Every structure is written in C-alpha cells, then in structure tokens.
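K.L.:
Residue numbers (the numbering used here), protein chains in the order written: chain V, 3 to 295; chain S, 7 to 515; chain G, 100 to 415; chain D, 1176 to 1502. Heads up, the beta-carbon is just placed ideally off N, CA and C, and yes, glycines get one too. None of the values given here were measured: they were computed from a predicted structure.
1. Are at least three pairs of beta-carbons, each pair with one atom in the stretch 169-185 of chain S and one in the stretch 147-161 of chain S, less than 8 Å apart?
2. Under 7 Å Cβ to Cβ from residue 273 of chain V, same chain only, skipping five residues before and after it: list those, please.
3. Starting from residue 242 of chain S, find everything on chain G with Cβ-Cβ shorter than 8 Å and list it in chain order.
4. Our contact map puts residue 4 of chain S next to residue 283 of chain S with C-beta atoms below 8 Å; I'd like the distance itself, whole angstroms only.
5. What first and last residue would you give for the beta strand (DSSP E) that runs through residue 220 of chain G?
6. By the 7 Å beta-carbon criterion, what residues does the stretch 199-227 of chain V contribute toward chain G?
7. Please go through the same chain and pick out, in chain order, the residues whose beta-carbon is closer than 8 Å to the beta-carbon of residue 146 of chain V, but skip the five residues on each side of it.
8. For residue 1422 of chain D, which three-state DSSP category applies?
9. On the DSSP letters alone, give me the boundaries of the alpha helix (DSSP H) that residue 403 of chain G sits inside.
10. Among residues of its own chain, excluding the 5 on either side of residue 122 of chain G, which ones have a beta-carbon nearer than 8 Å to its beta-carbon?
11. What residue does the beta strand (DSSP E) around residue 283 of chain S start on, and which one ends it?
12. Take every Cβ of the stretch 465-475 of chain S, pair it with every Cβ of the stretch 427-438 of chain S, and state whether three or more of those distances are shorter than 8 Å.
13. Closer than 9 Å, CB to CB, is residue 154 of chain V near chain S or not?
14. Report the residue from S:416, S:209, S:337 whose alpha carbon sits nearest the alpha carbon of residue 236 of chain S.
15. If you follow the beta strand (DSSP E) that residue 1185 of chain D is part of, which residue opens it and which one closes it?
16. So the candidates are S:211, S:286, S:361, S:320; which of them puts its Cα closest to the Cα of residue 262 of chain S?
17. Do residue 50 of chain V and residue 117 of chain V have their C-beta atoms closer together than 9 Å?
18. Go ahead and label residue 1233 of chain D buried or exposed: buried means 16 or more other beta carbons lie within 10 angstroms of its beta carbon, across all protein chains shown.
19. Round the Cβ separation of residue 196 of chain S and residue 85 of chain S to the nearest angstrom and send it over; I've been treating them as touching at under 8 Å.
20. Would you say residue 91 of chain S and residue 219 of chain S are within 9 Å of each other, going by their C-beta atoms?
21. Of all the CB atoms in chain G, is at least one closer than 9 Å to the CB of residue 1268 of chain D?
22. Would you kindly work out how many angstroms separate the C-alpha atoms of residue 260 of chain S and residue 266 of chain S, rounded to a whole number?
23. Between residue 303 of chain S and residue 362 of chain S, how many whole angstroms is the CB-CB distance? I'm expecting something under 8 Å.
24. When burial is assigned at 16 or more other CB atoms within 10 Å of the CB, is residue 192 of chain G buried or exposed?
25. At what residues does the alpha helix (DSSP H) containing residue 84 of chain S begin and finish?
26. What do you reckon, are the CB atoms on residue 158 of chain S and residue 169 of chain S nearer than 9 Å?
27. Measuring CA to CA, which of S:315, S:450, S:423 is closest to residue 383 of chain S?
28. Between the Cα of residue 205 of chain V and the Cα atoms of V:187, V:188, V:227, V:178, which residue gives the shortest distance?
29. Along chain V, in chain order, which residues have C-beta atoms closer than 9 Å to that of residue 118 of chain G?
30. Does DSSP put residue 216 of chain V in a helix, a strand or coil?
31. Specify whether the stretch 39-55 of chain V and the stretch 78-93 of chain V touch according to this definition: at least 3 beta carbon pairs, one from each stretch, less than 8 Å apart.
32. For the stretch 1328-1350 of chain D, enumerate the residues whose C-beta is nearer than 9 Å to any C-beta of chain G, in chain order.
33. Is there a Cβ of chain V sitting closer than 9 Å to that of residue 242 of chain G, yes or no?
34. If you measure between the beta carbons of residue 379 of chain G and residue 148 of chain G, is that distance less than 9 Å?
35. Locate the alpha helix (DSSP H) running through residue 320 of chain S, then write down its first and last residues.
36. Between D:1238, D:1261, D:1209, D:1189, which has its C-alpha nearest residue 321 of chain G's C-alpha?
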C-alpha cells in the first residue's frame, strides 16, 4: 500500500486555519466606492451645473453663512463655497489622474521589463529606482512649480515620477509570479517572443495589482496636491482647489471656521475613499493579504 | 529569551519613546501664565513679529526691504531721518544748511555719537559712508548717490556735500538705507555683524527664526525702553496671528491678513493701529505692447475695476483709494480717484470698440498675498467687462523679477511699489518694466527734482495727473500700515513711510 | 554576513556618487540667476557678471561639479550666494531642528501604533477592532497640516496650554523647547501613527497566521505570550521597512508642518533658498536629504541583519 | 479496551457560522495506545486534532465534550489560561509543515527549552541542557550544535524532529501528530515515524496520528478511525479495518491505494467525484453522492453499527464478505 493518489481529493481544500470568508473586505470596497463615487459625481456635475460661477467675485455677498442661497456660504470674495467644492473635485481628480497616469505609463512596462530582463540589467535598474525613492518628491515638486510656475500639472508630474519606484516594485514582483507559472513557461518553451509574453500573459495578470497600487497612489497624490496648494505652490488661483481653499480660509479660522471645514472634509473624504477602495480591491484580488496598509 | 531580543530590536526606540512621553506629559501641565514665553509683562523684552526674514544683513550688496526694515534707524543711523508725517528731521546731523544754488549741503553733526565698536562718529565716517556707496555698493540703489560730486569733512563735526546739480530727491534719499552711517573698521562682516551708532546694537541672528537687537548702552540719544527687541520672522499671516494670540510675540509689525483683524478689534487685550504706507498697489500695464499700448484698452481696464469693492474683498476694506502714484503723505498729493470712476457700461463699450475681447490678456502676478488676492478680483472684474484674462502666478522674487520685471513679458501685473516717492522710478524711465515713455512726464519729473521745493510740488502734481489721465497703470489702492499689539505697547510707528521699522520710540505704558 | 555588509556599503557609496550627479544636473537646469536675484532688479549687467565670476558660475559645468563634490568630500558645503555665509553650519543647525521634530514624531507614532496595531490585529474580527481600524483609516486621510491647524486651534488658541508656534533650541530653554515641540510633533506623529498602525496590524495578522505561532501555542503559550515571544520580532521586519520609508517621508513631509508651526527646519531653509535662487544652498540641502534617506535605508538593511538570522549566513 | 483512558471525545460538533464542519465525533484513546485518524483532505481530521488541543480559530465553534486524563472538566469549556497550562504538558502536537512550524528568528534550542520552562520549575541552564538531551533523543546529529542553530540551517526532517522534541519535552499524556511526515522526503519519513513511535512508547503516551496515508497508519497504529465529511464513518483495529472494510468509503479508500492492482496494468481505481467543500456534504450518509451503492435509504443518517464507538461503522450497505481484501 502506498499514499493515496492526491487526485481524488485535490479540489476539496482543507479548511484553512484562520482564513474564513470575511464580510469586512466587502465593506471597505463598498464604502470606498461610495466615497470615490461622491467625488467623481461632484466633478461630473460641476461640468454641467454649479449654483454659481465659482470664480465670480461679488463684494456684496461676501462672507455669508450657510443658507438656502449659498449652501456652504461664501468666502471673502463672495464666491459660492459649494460651487468651489464641486469644481475643486475636478482639480482633485485631475491631479490624481495625472500623477497616477505618469507613474503607471512609465512604471508598468518598466516593472514587466525588470521582471523579464536578465539580472545584469534588472539589478542596476532597481537600484536606480531605489535612488529615485531617496529624492524628496514633495520638495522637487515645489521647486518645479516655483521655477516653472503657475501649473499644477508640473508639480503633479513630479509627484507621479516620485511614485514610480513603488509601482515598479509591485509590478515586478507580480510579473515574477506570473512568469513562474506553468502556462508562461509553456509559452516560453513554445518560443513566443518576450514582448508577446509580456503583453499577452503578464500584463493582464498584473493588472489587478496595478489597479490596487493606482488607487493608493491616487490618495497620495491628492494629499500631495493639498499640501502643495497649502504652501502656495499648487493649483494656481482662481482655479478652485480644496488645498488652496483651506489655505485661504486660514486668516478667517476664528471668524468663519466653516471655510476650513468644507475643504478639509472634502480632502479627507477623497483620500479615505481611494484608500478604502484600494484596500477593498486588494482583498478581493488577493484575499490572503487581507487589508495591508 | 525572545523577549530580551525583542527589546534589543526595538528597545532603543521604545526607551526614547518613554522618555519623550514623560517630558511631553509634564509640558502639557496646564500653566497658562507661563505660556507667554519670554515676553511676560514686566520684563523689558519685546518681540515683534514680521514677515520675510532678510537673507543677509548687508544691504550694500543685497536688495530687499527686510534688511533696512530691521536695521535702519535701529542699528544704523542716518544724517537725517523721515518722521511719521513724511518730513525730514535731524538725526546724526543736528542741523544742515543748503546753499543758494541748492548744490552744497553743510551738515553739523553730533559729537556724542559712538559706533558700537567703540569708535566715535565723526564727519570722516560720514564721508567714508557716502563715498562707499558710490564705490563698493552693488545694488541698484547706489545710483541715488551719483548726483554727489564731492563729500568732505570740514571738521570732526561738520560735513560738506557738493552735488553736481540741484536735487530735491538727494536729501530725501539720505533718509533711506544709502544714508546709513558706517564705521571704516566696522564693515568687515556686514552680512552678519552690522556696526552702527543706533539705539540698538545687533545681538544674535537665529537664521530662519529671529534677529535679536539689544539696547545700546552707550547710545547718544534717549535710551530705548526695552533692553531687548526680538524681530521674529514668520512665513504666513496665520502663524503671526496665532503667535500674538498665544503670547509668543507682542506685536504684529505688518498684518498680511487683514481679514483676521476682526478677531483682535473686539478684544480688549489688543490694540490695532491703522496708518498709511508708501505702498501703492499698482495694476501695471505693459505700455508698449499691444493691446495695452492702446489708451482705450487701458481706460477700459480702469473703468472696469470697482476699486472700493476690490479693497473691501481683497484687503478687508483697509487701505486708501488713490487715483495716481502718490500717497497722501507726499506734499504733492491730490485726490484723483474721480478720473476713472467704476463704470461697467463704459468699460464694456470700450472693450467692444477696441475689439480687445478677442485677445487673452496675461495678468502675471507675483506670489504675494495682496497680489494673489487682488489678482482674482481683477480677473473677475475684467471678465465682467468682456475681457479675456489668464491669471499667471509667478514665484516671487525670482520668477516674477525675471519674467515681468526684467523681460517685460506680460500684459498686466499687480505689485505694490513700496519705495518712497517712486513715481519717477516707475513711470519716468522707459526702460522700467512699465515701459512707459511719456516725454511730458519725464520733463515734469526733471523740473521737479532740480527746481525749488515749490516748483517740485507743482511739477509732481502735473506728472501725477498726466500719468493717471493717460492710464499708464491702474492704481488699485494704497496699502494700509496695520499693526496689532498687546495693549500698553507705545511708540509703535503709525505710518510706514520710511524704510525702517522704527523701534527707537517703543515703550510700555 | 560581513560580505553582505560590505556589499551594502558599496551600494551606499555608489548611490551617493550617483545622487550627486543627479542633484547637480537637476540644479543646472533650473532657470533663474542667483546673481541677479542677489543684486536686485536694477543691477547692471556688469555687476551681475562680476558676481557670477565671484561665485564661479561662469566656469564650465564640469568644473563647477568637481569643485562642489571636492568640497563635499572635505565636508565643506561652500558659501551661500546670497548671504555669503558658510552653508555647512547652517544646514547642521536646521537639520538638528528637523531631526528633533521627525524623531519625536516617529517615537510618538511608534508608541501609539505598536500597541494599537497589535490590539487591532488581535481583535480584528470584533467590533472594537473594526472600529479602531476604521478610525485609523480616517487618520490616514487627514493631511498633517490640517491636523496641525486643528491642534493649534484647540490646544494653543482655545485652551492656551501650549504655544501656537515657534522654536527654541533645547540648550537655550528646555521647557520652552518641549512646549513648542509638542504640537508639531503630535501633528506629524498622529498621522504617521495612523499609517503605521495599519502596517503593524497587518504585520501582526500575517504573523498570527504563521505556523510557528500555532506551534508556540501548542507548547502552552497563551495567544498574547505567543505573539510577544515569537510574533513581535518577526512582525517587526515589515514594520521596520515601513518605519524607514516613513522616516524618509517625514524628513521631507516635515516641511509643511514646519511652515504651519514656524519652525526653522531644513524644509524652510530649502523653500527660502529656492525662492532666492540660492542654488548652492538648494543643492546642498537636497543632497543632505538624499544622504539622510540613503543612510536610513542602509541602517534599515543592517537592522534586518540583526533581526533576521536567515540573512546572516548566506550572502544572498 | 484495556488500561487507563487518556482522551475521551464525545459528540464533538464543530461549526463556522451555520456551517457544520464536524458532526457527532466520538472516540477515545487509552494510555499507550496508538490511534490513526485517516481520511481525505477536507474530511475534518485536522480540525479534530486542533479541537482536542483547543486551538481552533476564533470564529470556529465547538460543542460536545473533550475530556483528558488528569484535567478536570471539558476541555472545550476551559478558558485560554487553563488551556495554556494543559497544552504542551498534558497534550502536545506535531504539525504537518516542518518548514514553517518553527520561529525563524529564534534558535531551535531556545524553542525547545521554552517548552520545558513553561511547564517546569527549573533554571534556564537546566532547561537548555534538557533541550539538548531531547534533541539527542530525536536523533539530531550533534545536538549541542544543533541547539544553537536557527531553523533555516536545518533540513526539513531535522526541523520536524525539533518539533517532535518540543512536543515530547514534558512527557505528554497524549501526542497528536497531524500529517507529520507528509511534507518530508520518503527516506526521512520512516526515521521520523520511528522516532514518533519510540517517543510515545518510551513515555507510555497515547498517540492520535492524523494522516491520509494508509501505509503509515498500518505501520504506526494499532487502531484506526476513518473520517469522511466531518463524521467518523468507520472504526476498529487496523488489521480488521484494512482487511475487511465495512464502510463503502473505507473500501474505496483502500482500493484506490492498492498498489498490486495498479501493477496489473489496470487503471488505478479512484473514488468517483471529489470531496465537496467543507460543510457542503449531503444530508443523510455523507458519502452517498459518491457512492455506487447508495439508495434512497441513504438519505437518512445511517446509524452506528458495532459493539462500541471504538469498533463499528455507519453504513446501510456495508461491504461484507464481498469486500476485496488485499493480501
């Protein structure tokens, strides 16, 4: 007699100790999606409708409190805060998309290449990226925007570049896993060209990792924009930006605290939304990791 | 054992944590009386909060208003100084005479003044200082001394200065930093150790934080009340307010967030002082470049701006509306605000007429609080009149100086011209960034400088009026001098019309 | 193990050299003339040219680079274009300030995050754990400067317990130093604690699922004992990685909080230098920051060696 | 049935939420007795082992009684502190995966010594010496040096011996082994099995040996419990059960592993279908959806047939004399 053919019971995995179906992962995903949806909805609505022109200065209606006419009140320029929050959502999303876009477009191919390339190439590449990680991204963004001035875009590209290393790392380790699977080995054995393998097999399989990482990077970019705007190096006026609204509200913190509350909450909601979304997606794609971060 | 290993791994951090936690705990012990920091009542130390720390203490090689703000009249003295009303008063020179051809000035100097390095101040030092401006200064301001033909010491207490031609502005300029009197052996380390004859001597400089000035024990004039005055520098207005509210500072020297004054005005612990400055906030035009070279376009801009509303929104209603480049403290001031009243219909009509609506005007502003604030209002106002405006924020100083000031690559900008009597500098020189070239104005200015004091007033008035009528720029408003201080601090300068934040009169009631 | 340390040191040195080139190249492309800013707007071209010669800005870039790193190698950071003061002592002062702030914040973060994260992990299925976890998510979403503003509003202006801003060196007035350090360190620390808590939680959760924890419990250790004796050390490996990254982020992230609390740290020195186009100072500060981050990474790698015996024998 | 009873499990039900994982598991083990628990993956045998040690995950709930000699009361109702005194002293466990069962950052000697220190009053030095001795007992070469090694410096077989040493450190009444050799090389398997048997024999401990490997059971155990779908479907002396399996599942299990048939070039027989996921077994006879003999009758739960819980089966259509017996 010998050991039982594992074939008979392969499908029935033993109950993993501690790994039972969880309801929380779904909750993060749901709450995250709702919060992000809120921000996206605000941005979309602002394209077709805002109660007032968010940049229209009106001295006669300055510093009004919350009312039916001005839902969130007005600022010292008499601009409608609610309208500014709506349009500010656009800025926030724009910022995230640029930063994540820059990082993604560069980092995803780089990560796959780093996984597939021979060691003499991949090793120095990863070291170089480590070095990039050591560069003070926020400060470089400040310098960029100080020097080239007047544009969030420039600063966000800097933030995007700064998030490349972590992106590459994630994509590379995911790609290495995919590359060691049997069907990729088979494809390699069959003589498929590396580019085709990268495109057909690796990319689709790391896409979930990329989405998770993008969600996290999105939140980081939003925080960075808020910080830059707060310092006066971010989105230039009069384009509404939550970070700058917060900064402008400073001098009236005691006389009109609501001017700080609305943008502050908006930033927190957006960041929280993207973080939760990232966590939820991670749990869904990789249940074993539960909620890291 | 594992536990000991774990301690080894994280031990250092945790021990540090405990220590810090303990000390942090003790510090949060509520003790409101001690939160006043070093400026508790009864001590003779005063802390003044200011914005923009100087990068160096050497104004002979570094431009920037922060250096004379801290040092002039306080550490360095001049022969003559400007008082709160804009009049020239004796300082190190107890009296002076002007020759009838108005080219020779004879100053009688005090014999009591001593430099803080121990040397007595004599006419030789005055000659040295004047000559040094021409010889060794590198900033552009040195040109004000070009008119001097010769300076000589008649005796230890008498100085004679001969000008190449009569100049009304020269004596006035002697009240600014170029008139600062320095000692020949006190200039070795101007950037970090200034030596002067003033009521205060330079103490220490915590870079990035504060400059401390100590009362000069050997001062020749009335001794200052405070033994030490600390000038503490802040990056933003809110931090300044918070510092005053929590007793870290006693005085906000220049309020940069006038909206926040509301919280002090009703509070009996504080006093708010409102005065005027020389800072005309100018919406400047690039007068040689289309479309701003068109008078009608410039007029349209001036009609489109609701100055009262602008001052209300962006500077909380503080300040003075001016119709030209002259503050009310100058002798040739004239109310010209009626020349271009707010008239949206007229502005719209002019915009239509000139077809300027098809051009996007670049409003390139420096990253300064008043400019950022006013820029948004100006843009909104102009767009109401049918203009198209792109608002560009350029980092101040570097980016703005290069783009707007040096290369005149702009259509409109907003900047406060804070130098005293700067009409001529801003609009009399076609090379200046306003690129304003008006022969009439230039002639009037020349006549004003070389003429008698009465002629000076007449010609300056004429120049100011021409300027305004020709819409060489729009004059948004005059920056107010806003000071908030603990109740009981006296002698604070009401008006900021000299280059100095004059600390010599400070006291406590 | 020795081989590993040598190898790691080699990487550190190579990274340093590479980063000097990167930093210098970056500065070289920044527009804006320091000489002109120093002299003011009306300065003549001759005067500007003279000052450029004085600074050595007229030399070829390669020569400028070599003289810069030559100075660095001798710990001479050069002289500021604007203030004409030596840069080294200035940076040292500012770095000390930033380090005090950052290290205190880090300690606060650790003291909060390690126990909290552990509790969250051990109760991750119970309502209390889920609630804490949700709270930490909110904490992560709050920008540090916003936390700073709130703290100032409540504790400085509202309650008057602590000064709203400012900085006093510890040797000048230790009491004031601690008072002024508390709020900024808290506002940095709390946000970092929120982030760190989540990492601690997931590291502990991962570890609790490890077989050796089950072995330990089968030996007769309670879950808490098992975690303390066998889990913590292993969980500390990923946490230290994050700690290193956070320390690096904080060195830079401190700049915003430094602004809110008017603290003369490295970040504000850099911001000032940028706006004055004091490029040599900018270059030095960025270099110091990069160096600090590289050193932190190096130390983290060495810590791995201490903690994880698996790395001690084989050199990869 | 002779000798003193060490473990008595009665009516053990284990569930997660509303999903039942173990049903009415009843068995006992006497001092010095070696009992095998066999079944496919997912049959619930590991859970049974964990339940005996009280090591079930937090959200897994157990009902019934688990009684251990020398311990008052039901193990399932004891608090964590009491349990921790029992674990490692009265009852110990060896796990399936030696590669991960040891703390990678701690020396193996310390890990063995810890088990001793936890339950005995002795100095650290004594514990360490005892640990070396234990390592010697499990035939680790150069035990003194091995004690100073970290787990990663040992092979899988060596590590499993360390785990065994930890388990035997306090001469437990009962040793539970959960597939201790599955992850090991065939050559090492025999050695480890031998050490397990020698270890329990020397201490006169009871052994619950969980495995899916019938041959291992045949060599190690005297008695066997067959588990499927969270239920014990058959029990009896090894000889008896393997010669004359009564339950159709046991029969299938034996046929599937019958090497001689395979040598006759016939296709290796397998049990049709696959094990359903935990908690998704059919009502009635848990095996009926894979059983070729199943009838309507099997939709009700087959009763236990046999003289005692230690011997018998639960099947309506037992394989009597018709059972094929491997000779």
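P.N.:
Let's see:
1. The stretch 169-185 of chain S vs the stretch 147-161 of chain S: in contact.
2. Only 221, 224, 225 meet the Cβ criterion.
3. Near residue 242 of chain S (Cβ distances below 8 Å), the residues of chain G are 358.
4. Coverage of chain S is limited to positions 7 through 515, which leaves residue 4 of chain S absent and any answer about it impossible.
5. Counting along the chain, no beta strand (DSSP E) covers residue 220 of chain G; the unbroken alpha helix (DSSP H) around it starts and ends at 186-221.
6. So the close ones are 225.
7. Only 156, 157, 159, 160 meet the Cβ criterion.
8. Coil at residue 1422 of chain D, not helix or strand.
9. Taken as a continuous stretch (DSSP letters only), the alpha helix (DSSP H) holding residue 403 of chain G covers 378-406.
10. Cβ within range, chain order: 382, 385, 386, 389.
11. Segment 276-291, the beta strand (DSSP E) holding residue 283 of chain S.
12. With the cut-off at 8 Å, the stretch 465-475 of chain S and the stretch 427-438 of chain S touch.
13. For residue 154 of chain V, not one C-beta of chain S is nearer than 9 Å to its own C-beta.
14. Residue 236 of chain S has its Cα closest to that of S:209, out of S:416, S:209, S:337.
15. Judged by DSSP secondary structure, residue 1185 of chain D falls within the beta strand (DSSP E) whose first and last residues are 1180-1191.
16. Closest by alpha carbon: S:320.
17. It is not a contact, given that the beta carbons lie outside the stated cut-off.
18. Under the 10 Å beta carbon count, residue 1233 of chain D is surrounded by fewer than 16 other beta carbons and is classified as exposed.
19. No, residue 196 of chain S and residue 85 of chain S are not in contact; Cβ-Cβ is about 19 Å, not under 8 Å.
20. For the pair residue 91 of chain S and residue 219 of chain S, the CB atoms are not nearer than the 9 Å cut-off.
21. With 9 Å as the cut-off, residue 1268 of chain D counts as an interface residue toward chain G.
22. If I take the Cα positions, the gap works out to 12 Å.
23. About 5 Å; that satisfies the 8 Å criterion.
24. That one is buried.
25. Residue 84 of chain S -> no alpha helix (DSSP H), and no H or E assigned at all.
26. No, these two residues do not count as a Cβ contact at 9 Å.
27. When each option's Cα is compared against that of residue 383 of chain S, the closest is S:315.
28. For residue 205 of chain V, the closest alpha carbon among the candidates V:187, V:188, V:227, V:178 is that of V:178.
29. The contacting residues are 133, 136, 137.
30. Of the three classes helix, strand and coil, the one that applies to residue 216 of chain V here is helix, per DSSP.
31. Yes, they touch.
32. Within the stretch 1328-1350 of chain D, the residues whose Cβ lies closer than 9 Å to some Cβ of chain G are 1328, 1338, 1341, 1342, 1344, 1345, listed in chain order.
33. With respect to chain V, the C-beta atom of residue 242 of chain G has a partner C-beta closer than 9 Å.
34. No.
35. Element bounds for residue 320 of chain S: 313-320.
36. Minimum Cα-Cα distance from residue 321 of chain G among the listed residues D:1238, D:1261, D:1209, D:1189 corresponds to D:1261.
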